[in-house]
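J.: If you count by our numbering, then the sequence shown holds residues 428 to 813, one letter each, in order.
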Amino acid sequence: MATYAGERLIHDTDSHLMEPVDWLASYADSSVAAKLRDLSLLGGGDAATHELVEQCWARRDDPEETAKLAADVVGGPKGYFAYGSMDAGERVGALDQLGFASQLVFTTFAHTQFHARGDVDLAYGGASAHNRGIADFCSVDPRLLGVAFVPLEDPQRTVDCAREAIEVGCKAAWIPHGVPTSLSPTHPDFDPLWALLSEASVPVLMHLGPNGGNQLPKTYHNNGRVPGKDFVGGGENMRSKDFLNLYHDAENLLACMVLDGIFEKFPELRCGLIELGAGWVPNLLRSLDNSVKAFGRHEPELAKLTIAPSDYIRRQVRFTPWHFEDVGWLVSNSGPELFLFSSDWPHPEGGRDPIAEFQASFSAAGLSEGATAPFWAGNASFLLGV
Numbered sequence: 428m429a430t431y432a433g434e435r436l437i438h439d440t441d442s443h444l445m446e447p448v449d450w451l452a453s454y455a456d457s458s459v460a461a462k463l464r465d466l467s468l469l470g471g472g473d474a475a476t477h478e479l480v481e482q483c484w485a486r487r488d489d490p491e492e493t494a495k496l497a498a499d500v501v502g503g504p505k506g507y508f509a510y511g512s513m514d515a516g517e518r519v520g521a522l523d524q525l526g527f528a529s530q531l532v533f534t535t536f537a538h539t540q541f542h543a544r545g546d547v548d549l550a551y552g553g554a555s556a557h558n559r560g561i562a563d564f565c566s567v568d569p570r571l572l573g574v575a576f577v578p579l580e581d582p583q584r585t586v587d588c589a590r591e592a593i594e595v596g597c598k599a600a601w602i603p604h605g606v607p608t609s610l611s612p613t614h615p616d617f618d619p620l621w622a623l624l625s626e627a628s629v630p631v632l633m634h635l636g637p638n639g640g641n642q643l644p645k646t647y648h649n650n651g652r653v654p655g656k657d658f659v660g661g662g663e664n665m666r667s668k669d670f671l672n673l674y675h676d677a678e679n680l681l682a683c684m685v686l687d688g689i690f691e692k693f694p695e696l697r698c699g700l701i702e703l704g705a706g707w708v709p710n711l712l713r714s715l716d717n718s719v720k721a722f723g724r725h726e727p728e729l730a731k732l733t734i735a736p737s738d739y740i741r742r743q744v745r746f747t748p749w750h751f752e753d754v755g756w757l758v759s760n761s762g763p764e765l766f767l768f769s770s771d772w773p774h775p776e777g778g779r780d781p782i783a784e785f786q787a788s789f790s791a792a793g794l795s796e797g798a799t800a801p802f803w804a805g806n807a808s809f810l811l812g813v
């Protein structure tokens, strides 16, 4: 069967489950289920309602409509309407058409039911349910790699949450990258988390979403001008100025992990920044090195670093460019080892044909198939151990 990937080996480092309304509650302990907030679909636009989600779930009982969607996964609708977006069995068929050798699977809206707002028991109880659920969804096919959500409110409970996620079959740990409420994730109390992930060969991931600041403060939009319509994706909505701001929190956390010696202390720890773009990465590499040049004689922690800060990034961190970014320039100027292919399927912001867009950028830069193979597969193999 001809596939979207064709003959090229591709690992997809970003895809999503579109959760049924009661999905998270079905995996939660009764005490947690009673406290879960309703599934929030605010990031899905005005048309996204619980009724629509239930209709899309019920579509599976319509053989004719299901067959029509199954016949063209690549060219068909996205979001909740997509074949394989909600049902694990359908997802296997969708992946067969896409042709990816593996696919990381994040949730879309589930964390709105338990994350943040001060209830630590709900945060960890909801995360536990989330992680059992995503592991179950992905258990139908070894190509599907479930991503656990691991809160950072309490270091010991964080380690327990990550350990349970690994035990139930999750293959990566997604942490919030927003401004910490108390302890930095680089505090020594979190060292057991980094040790656990390193020893288990499970990467830590940051991903666009409500766990980090992805919208510009609203006052910047109070500019006396007519606002444009939000770009509505599969869980995020933003305008142009929001887009310019969305990676800053993740960049800050990553820089702290480098400069506070997390990658020095845990050289086997692997990290991925997903759906946060990559155009900012070259400047980060230079800025990290310059920070040590400027402050290395005055800050004892910097003196403990045994290699250049940018080399920790090259050694242990990978990034997913947007499909419209000039990935050919990024690879040519920053190196082939840093960047990953991602589809964001079935979210629409992943683009209609990301393979073609990335390849066009590579061709314009004069890069050979050998030079771009790490982007399509090799870097993901390193990050995910596949």
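Don't be surprised by glycine CBs; every beta carbon is placed ideally from N, CA and C.
Which runs of the alpha helix (DSSP H) at least 4 residues long sit entirely within the segment 441-469? Give them in chain order.
T.: Complete alpha helix (DSSP H) runs here, min 4: 457-460.
J.: Please list, in chain order, all residues of the same chain as Y674 whose beta carbon is under 7 Å from its beta carbon, the five residues on each side excluded.
T.: Residue 674 sits at position 247 when you count from the first residue of the sequence shown. Once the five neighbours on either side are set aside, the close Cβ partners of Y674 are L703, G704, W707.
J.: Find out if the Cβ-Cβ distance for the pair Y510, A497 is shorter than 8 Å.
T.: As a working mapping, residue 510 is identified with position 83 in the sequence shown. As a working mapping, residue 497 is identified with position 70 in the sequence shown. Yes, the pair counts as a contact, with Cβ atoms nearer than the cut-off.
J.: Who pairs with F576 in a beta bridge, going by DSSP?
T.: Walking along the sequence shown from the start, residue 576 turns up at place 149. Beta-bridge pairing links F576 to W601.
J.: Express the C-alpha separation of L810 and R697 in angstroms, rounding to a whole number.
T.: In the sequence shown, the residue the question calls residue 697 occupies position 270. In the sequence shown, the residue the question calls residue 810 occupies position 383. Cα to Cα, R697 sits roughly 6 Å from L810.
J.: Once the 5 residues before and after E517 are set aside, which same chain residues still bring their CB inside 6 Å of it?
T.: What you label residue 517 is simply residue 90 of the sequence shown in a count that begins at 1. Cβ neighbours of E517 beyond the five flanking positions: Y510, G511.
J.: Taking all protein chains shown into account, decide if H443 is buried (16 or more other Cβ within 10 angstroms of its Cβ) or exposed.
T.: The residue given as residue 443 occupies position 16 in the sequence shown. Label assigned to H443: buried.
J.: With DSSP as the reference, identify every bridge partner of I734, one or two as the case may be.
T.: Taking the sequence shown and counting its residues from 1, one reaches residue 734 at position 307. None, per the DSSP bridge assignment.
J.: Closest by CA to S467, which one among A429, N717, T476?
T.: Start at 1 with the first residue of the sequence shown, and residue 467 comes out as number 40. Residue T476 is the option with its Cα nearest to S467.
J.: Using a Cβ-Cβ cutoff of less than 8 Å, which residues in the same chain neighbour P654 once the five nearest sequence positions on both sides are dropped?
T.: For the purposes of this step, residue 654 is taken as the residue at position 227 of the sequence shown. Result list for P654: H648, R666, in chain order.
J.: As a quick exercise: from P607, E446, S609, pick the residue whose alpha carbon is nearest that of T534.
T.: Against the sequence shown, residue 534 aligns to sequence position 107. Minimum Cα distance to T534 is reached at E446.
J.: Is H550 near V577, with beta carbons less than 8 Å apart?
T.: What you label residue 550 is simply residue 123 of the sequence shown in a count that begins at 1. What you label residue 577 is simply residue 150 of the sequence shown in a count that begins at 1. Note that residue 550 is Ala in the sequence shown here, rather than His. Cβ atoms of A550 and V577: not closer than 8 Å.
J.: Is the Cβ-Cβ distance between G746 and L712 less than 8 Å?
T.: What you label residue 746 is simply residue 319 of the sequence shown in a count that begins at 1. What you label residue 712 is simply residue 285 of the sequence shown in a count that begins at 1. Residue identity differs from the one stated: residue 746 is Phe in this sequence, not Gly. Cβ distance not < 8 Å, so F746 and L712 don't count as in contact.
J.: Check this for me: beta carbons of P736 and L715, under 8 Å apart or not?
T.: Here the question's residue 736 lines up with position 309 in the sequence shown. Here the question's residue 715 lines up with position 288 in the sequence shown. Yes.
J.: Is the segment 584-599 close to the segment 560-575, with three or more CB pairs under 8 Å?
T.: Yes: at least three Cβ pairs fall under 8 Å.
J.: Use the C-beta contact count for S790: other C-beta atoms within 10 angstroms, 16 or more gives buried, fewer gives exposed.
T.: Here residue 790 corresponds to residue number 363 of the sequence shown, with the count starting at 1. So S790 ends up on the exposed side.
J.: Between the C-alpha atoms of Q743 and A792, what's the straight-line distance to the nearest angstrom?
T.: To locate residue 743, count along the sequence shown from 1; it is residue 316. To locate residue 792, count along the sequence shown from 1; it is residue 365. When rounded, the distance between both Cα atoms is 26 Å.
J.: Out of A800, H438, S808, which has the shortest C-alpha to C-alpha gap to S628?
T.: Along the sequence shown, one-based indexing puts residue 628 at 201. Selected option, being the one with the closest Cα: S808.
J.: Tell me the residue span of the alpha helix (DSSP H) that contains R877.
T.: Examination of residue 877 is not possible in this model, given that the chain is present from 428 through 813 alone.
J.: If I follow the unbroken alpha helix (DSSP H) through H477, where does it start and stop?
T.: On the sequence shown, position 50 is the one that residue 477 refers to. Residues 477-485.
J.: What did DSSP end up calling L643 once you bin it into helix, strand or coil?
T.: Here residue 643 is taken as the residue at index 216 of the sequence shown, counted from 1. In the structure shown, L643 sits in coil (DSSP, three-state: anything other than H, G, I, E or B).
J.: Suppose you measure from the CA of G661 to the CA of D771; what does that come to, to the nearest Å?
T.: Position 234 of the sequence shown, counted from the start, is the residue given in the question as residue 661. Position 344 of the sequence shown, counted from the start, is the residue given in the question as residue 771. Residue confidence for G661 is low, a pLDDT of 44 falling below 50, so the modelled location carries little weight and cannot support an answer.
J.: Along the beta strand (DSSP E) that carries G699, what are the first and last residues, could you check?
T.: Mapped onto the sequence shown, residue 699 falls at position 272. Start and end: 698-701.
J.: Hey, K505 and P775 are a contact pair by Cβ (cut 8 Å); roughly how many whole angstroms apart?
T.: The residue you call residue 505 lines up with position 78 of the sequence shown. The residue you call residue 775 lines up with position 348 of the sequence shown. Confirmed, Cβ separation roughly 4 Å.
J.: Judging by CA-CA distance, which residue of L794, S609, I437, H538 is the nearest neighbour of S529?
T.: Position 102 of the sequence shown, counted from the start, is the residue given in the question as residue 529. Here the closest residue by C-alpha is I437.
J.: Determine the burial state of R779: buried for a count of at least 16 other Cβ atoms within 10 Å of its Cβ, exposed for fewer.
T.: Mapped onto the sequence shown, residue 779 falls at position 352. Classification for R779: exposed.
J.: Could you tell me if R652 is buried or exposed, where buried requires 16 or more neighbouring beta carbons within 10 angstroms of its beta carbon?
T.: Here the question's residue 652 lines up with position 225 in the sequence shown. Burial call: exposed.
J.: Under a three-way DSSP split, which group does G660 fall into?
T.: On the sequence shown, position 233 is the one that residue 660 refers to. Low confidence applies to G660: its pLDDT is 49, below 50, so where it sits in the model is not reliable, and the reading given next is rough at best. Coil at G660, not helix or strand.
J.: Could you spell out the range, first to last residue, of the beta strand (DSSP E) harbouring F746?
T.: On the sequence shown, residue 746 is found 319 positions in, with the first residue counted as 1. Element bounds for F746: 744-746.
J.: If I measure Cβ to Cβ from D616 and keep anything under 7 Å in the same chain, skipping five residues before and after, which residues do I get?
T.: Counting from one through the sequence shown, the residue named residue 616 turns up at place 189. Only P582, L610 meet the Cβ criterion.
J.: Taking its Cβ as the centre, do 16 or more other Cβ atoms sit within 10 Å of M513, making it buried, or is it exposed?
T.: As a working note, residue 513 is residue 86 in the sequence shown. With 16 or more Cβ atoms within 10 Å of its Cβ, M513 is classed as buried.
J.: Give every residue of the same chain whose Cβ lies closer than 8 Å to the Cβ of V567, excluding the five residues on either side of it in the sequence, and list them in chain order.
T.: Working through the sequence shown from its first residue, we reach residue 567 at position 140. Counting only Cβ-Cβ distances below 8 Å, and skipping sequence neighbours, we find A515, G516, R518, V519.
J.: From W749, P619, Q540, K720, pick the residue whose C-alpha is nearest to that of L635; which is it?
T.: Sequence index remark: in the sequence shown, residue 635 carries index 208 (1-based). Checked all of W749, P619, Q540, K720; the closest Cα to L635 is W749.
J.: Between N558 and A592, how many whole angstroms is the CB-CB distance? I'm expecting something under 8 Å.
T.: Reading the sequence shown from its first residue, position 131 is the one you call residue 558. Reading the sequence shown from its first residue, position 165 is the one you call residue 592. N558 to A592, Cβ: 4 Å. Contact.
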